[in-house]
Amino acid sequence: MLDAYKQVGDTIRHAPPFAAPGTFFRGNLHTHTTASDGDFPAEEVVRRYKDQGYDFLCLSDHFLECYGYPVTDSREFRSSDFTTLIAAELHVGKLLNDELWHVLAVGLPLDFTPPHEDEGITSLARRAYNAGAYIGLVHPEWYGLQPDDANVLPFAHAVEIYNHGTRVENDRGDGWALADILLNGGRQLHAFATDDAHQLTHDAFGGWINVKSTSLDEQSILDALKAGHYYSSQGPLIDDIEIDSQEVRVQCSPAKAVIIAGRGSRSDQVLGESLTEACFSLKKFRSGYFRITIIDSEDRKAWSNPLWMDSDTT
Numbered sequence: 039m040l041d042a043y044k045q046v047g048d049t050i051r052h053a054p055p056f057a058a059p060g061t062f063f064r065g066n067l068h069t070h071t072t073a074s075d076g077d078f079p080a081e082e083v084v085r086r087y088k089d090q091g092y093d094f095l096c097l098s099d100h101f102l103e104c105y106g107y108p109v110t111d112s113r114e115f116r117s118s119d120f121t122t123l124i125a126a127e128l129h130v131g132k133l134l135n136d137e138l139w140h141v142l143a144v145g146l147p148l149d150f151t152p153p154h155e156d157e158g159i160t161s162l163a164r165r166a167y168n169a170g171a172y173i174g175l176v177h178p179e180w181y182g183l184q185p186d187d188a189n190v191l192p193f194a195h196a197v198e199i200y201n202h203g204t205r206v207e208n209d210r211g212d213g214w215a216l217a218d219i220l221l222n223g224g225r226q227l228h229a230f231a232t233d234d235a236h237q238l239t240h241d242a243f244g245g246w247i248n249v250k251s252t253s254l255d256e257q258s259i260l261d262a263l264k265a266g267h268y269y270s271s272q273g274p275l276i277d278d279i280e281i282d283s284q285e286v287r288v289q290c291s292p293a294k295a296v297i298i299a300g301r302g303s304r305s306d307q308v309l310g311e312s313l314t315e316a317c318f319s320l321k322k323f324r325s326g327y328f329r330i331t332i333i334d335s336e337d338r339k340a341w342s343n344p345l346w347m348d349s350d351t352t
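For the sequence shown, our numbering begins at 39 and goes up steadily by one.
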């Protein structure tokens, strides 16, 4: 289970993680502590996520002058069965709607320097990218991030397509609307779900990623993130995605819907009760991209990363 991805015929770009060697590890990329505006210190945040069965965590405090530009050092919490990635949420400059920018940077050096005078978000995020960080466009629905905003960060790895905190607090937790617009425009981006937890009550343990990695070493996890070797979930499992020259076959935990969606309005679905597999024709999805969504009986979802097919077949 969770260990096979197969492809025959067409070339798959940004393939899902199932054929990659290793094990799936559960983690949250977006979390806050008392180093910025979270309610709990790092030690307590880590303890609670470990108690919930997580394998890794990012403490991504707000990189702002009012907090002393923290890059929270979480290395002391690493062990043989749990790791942390050094991260921060970067802020400088304004969106087109005059909101302050928010950009997630995972895999930062601890000595990452604050923005210099008049530095914009493109420069700051590019410095993080050049330092080895995974760059994510976070909670786009919550604060009105538009495609023209996103396009000033052409090197971003992914869009936060589910933010549990903004979902439960103001019903603005979705990021697929922005992601699909960017994907339709030719951007090749991954997608990730998070908590963005501050209080560790209503805003925690609701969205995460399952990353396929050969080890729980922080660099291995970071490399897997950049390769897109993960999927996002609120609870359901994606067990396998198998592709041959004609079909996409999906195996998953029991679901009421399995959906494939691609460029423009292209989509298909299998609906039922306790579905554990679904099969789709590739005919509509040979150009552009497609992605898989699983919905279970509690309306919880899991999402694959987007896939792109290189094929001469029309």
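The beta-carbon is built from N, C-alpha and C at its ideal position, and this holds for glycine as well.
Opposite Lys250 in the DSSP bridges: which residues?
-> Along the sequence shown, read from residue 1 onward, the residue named residue 250 stands at position 212. Paired residues: Phe62.
His70 to Asp282 span [Cα, whole Å] = Translated into positions along the sequence shown, residue 70 becomes position 32. Translated into positions along the sequence shown, residue 282 becomes position 244. The alpha-carbon separation between His70 and Asp282 amounts to approximately 43 angstroms.
For Ala215, count neighbouring Cβ atoms within 10 angstroms of its own Cβ and tell me buried if that reaches 16, exposed if not.
-> As a working note, residue 215 is residue 177 in the sequence shown. Under this definition Ala215 is an exposed residue.
Should Arg301 be counted as a contact of the ligand PLP given a C-beta to heavy atom distance under 7 angstroms?
-> No copy of the ligand PLP occurs in the structure displayed, which carries no ligand at all.
Would you identify the three-state DSSP class for Gly18, choosing helix, strand or coil?
-> Absent from the structure is residue 18, since the part of the chain shown begins at 39 and ends at 352.
Nearest to Asn135 by alpha carbon, out of Ala194, Pro185, Ser117, Tyr105?
-> Taking the sequence shown and counting its residues from 1, the one referred to as residue 135 is at position 97. Minimum Cα-Cα distance from Asn135 among the listed residues Ala194, Pro185, Ser117, Tyr105 corresponds to Pro185.
Could you check what DSSP says for Thr160 in three-state terms: helix, strand or coil?
-> Translated into the one-based positions of the sequence shown, residue 160 becomes position 122. Correct three-state label for Thr160: helix.
For Ile332 and Glu280, the rounded distance between their alpha carbons | Here residue 280 is taken as the residue at index 242 of the sequence shown, counted from 1. Here residue 332 is taken as the residue at index 294 of the sequence shown, counted from 1. When rounded, the separation of the alpha-carbon atoms in Glu280 and Ile332 is 15 angstroms.
From Ser325, Pro59, Leu97, Ile298, pick the residue whose C-alpha is nearest to that of Gly224; which is it?
-> Here residue 224 refers to the residue found at position 186 when the sequence shown is read from its first residue. Looking only at Ser325, Pro59, Leu97, Ile298, the smallest Cα-Cα distance to Gly224 is reached by Ser325.
With respect to the beta strand (DSSP E) encompassing Glu103, which residues constitute its N-terminal and C-terminal limits?
-> For the purposes of this step, residue 103 is identified with residue 65 of the sequence shown, where counting begins at 1. Note, Glu103: premise wrong, no beta strand (DSSP E); not H, not E.
For Thr69, which residues does DSSP report across the bridge?
-> Locating residue 69 in the sequence shown gives position 31, where the first residue counts as 1. According to DSSP, which records beta bridges pairwise, Thr69 is partnered with Ala235.
Spatial neighbours of Val206 in its chain, beta-carbon cut-off 8 angstroms, leaving aside the 5 residues before and after = Taking the sequence shown and counting its residues from 1, one reaches residue 206 at position 168. Counting only Cβ-Cβ distances below 8 angstroms, and skipping sequence neighbours, we find His240, Asp241, Gly244.
Terminal residues of the alpha helix (DSSP H) in which Ala257 lies | What you label residue 257 is simply residue 219 of the sequence shown in a count that begins at 1. Reading off the sequence shown, one finds Gln at residue 257, where the question assumed Ala. Residues 256-265.
For Glu311, which residues of its own chain have a beta-carbon under 7 angstroms away from its beta-carbon, when the five flanking residues on both sides are left out?
-> In the sequence shown, the residue the question calls residue 311 occupies position 273. Closer than 7 angstroms at Cβ, skipping near neighbours: Lys294.
Reduced DSSP secondary structure (H/G/I, E/B, other) of Pro344 = On the sequence shown, residue 344 is found 306 positions in, with the first residue counted as 1. Reduced to three states, the DSSP call for Pro344 is coil.
Ala316 beta carbon less than 8 angstroms from that of Val296 | Sequence index remark: in the sequence shown, residue 296 carries index 258 (1-based). Sequence index remark: in the sequence shown, residue 316 carries index 278 (1-based). Contact flag set, yes.
Can you pull the DSSP bridge partners for Ile124?
-> Position 86 of the sequence shown, counted from the first residue, corresponds to residue 124. Looking at the DSSP assignment, Ile124 forms a beta bridge with Leu97.
In three-state DSSP terms, what is Val308?
-> Translated into positions along the sequence shown, residue 308 becomes position 270. Judged by DSSP in its simplified three-state form, Val308 adopts strand.
According to DSSP, is Leu148 helix, strand or coil?
-> In the sequence shown, counting from the first residue as 1, residue 148 sits at position 110. In this structure, Leu148 counts as coil in the three-state DSSP scheme.
Got a sec? Which residues, its chain only, sit under 7 angstroms from Pro153 by beta carbon, not counting five neighbours each side?
-> Here residue 153 refers to the residue found at position 115 of the sequence shown. In its chain, beyond the 5 residues on either side, Val130, Leu162 have a beta carbon closer than 7 angstroms to the beta carbon of Pro153.
Minimum C-alpha distance to Leu221 - residue among His195, Glu114, Asn208 = Counting from one through the sequence shown, the residue named residue 221 turns up at place 183. Looking at His195, Glu114, Asn208, the one whose alpha-carbon comes closest to that of Leu221 is His195.
Burial state of Ser270 (16 or more Cβ within 10 Å) = Locating residue 270 in the sequence shown gives position 232, where the first residue counts as 1. Burial call: buried.
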